[in-house]
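In this note's numbering, the protein residues as written are 40 to 127.
1. So for residue 81, helix, strand or coil by DSSP?
2. Can you tell me which of the three DSSP states residue 102 falls into?
3. I'd like to know whether the C-beta atoms of residue 123 and residue 112 end up nearer to each other than 9 Å.
4. Ignore the nearest five residues each way along the sequence and tell me which others in residue 131's own chain have a CB closer than 8 Å to its CB.
5. Classify residue 75 as helix, strand or coil using the three-state DSSP reduction.
6. Hey, would you say residue 97 sits closer than 9 Å to residue 114, going by beta carbons?
7. Taking residue 53 as part of the alpha helix (DSSP H), name the residues at either end of that continuous run.
Here is the structure:
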């Protein structure tokens, strides 16, 4: 059902948000340092938010259906999840 599919997607996204801090820690400790890593991942987070806004505007202002913008929605959400990891 749609509810079960939604629950699976939320669980995967939430899990991604909890795993990506490992990537952020690796980048901060090995390559960029704390402040540059926060700046980088905050920028990624901002790109994800802009994609999410763009998805909403595209859905509201045009006759594009959900099936056609689903990829953009998931891209936005997982970009936000990646950005979240670097900030934590």
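Using N, Cα and C, we set each Cβ at its ideal position, and we do this for glycine too.
Per the coordinate set shown:
1. helix
2. Note: residue 102 maps to coil in three-state DSSP.
3. Taking 9 Å as the Cβ cut-off, residue 123 and residue 112 do not qualify as a contacting pair.
4. Nothing about residue 131 can be read from this structure; the chain reaches only from 40 to 127.
5. helix
6. no
7. Membership of residue 53 in the alpha helix (DSSP H) is indicated by the continuous run 41-66.
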